[in-house]
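Just below is one structure, and these are the notes that go with it.
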Amino acid sequence: MQRTKNEAEEDQQAQFVSVVLADTEDVWNKLFSEQLGQTYQEPKLVLFTGRDESGCGSASAATTRPPRARSASRARAHRRAP
374 MQRTKNEAEE
384 DQQAQFVSVV
394 LADTEDVWNK
404 LFSEQLGQTY
414 QEPKLVLFTG
424 RDESGCGSAS
434 AATTRPPRAR
444 SASRARAHRR
454 AP
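Going by this note's numbering, the first residue of the sequence shown is number 374, and it counts up by one from there.
Written out as structure tokens, the structure reads:
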């Protein structure tokens with residue numbers, strides 16, 4: 374099966390993102406251990422193509438905020454509401 378140019382580019386981009394994430398995890402693991410004496414909770418990398426359904430309807434891109442940040446944002450918004 375021959376791959377398309379687009380598929381090859383997507384694979385290359387996914388590989389790049391994986392390497393950047395691994396480097397970032399190495400740095401944060403070291404800093405958490407040495408400076409805080411704690412274990413860094415590594416994020417989960419999720420890649421997708423096309424569209425997906427979000428809590429607000431169709432989405433063409435994934436959210437970048439972790440669930441805890443969304444919850445905190447909602448809580449702040451509710452406190453400000455009259």
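Virtual Cβ for every residue (Gly too), placed ideally from N, Cα, C.
What whole-angstrom Cβ distance do VAL390 and LEU418 have, given they're in contact under 8 Å?
7 Å
Within this structure, are the beta carbons of PHE421 and TYR413 separated by less than 7 Å?
no
Looking at the secondary structure, which residues open and close the alpha helix (DSSP H) in which LEU404 lies?
378-404
Just the C-alpha distance for THR377 and GLN385, rounded to the nearest angstrom, thanks.
12 Å
If we ignore side chains and look at the alpha-carbon of each, how far apart do SER427 and GLN408 end up?
37 Å
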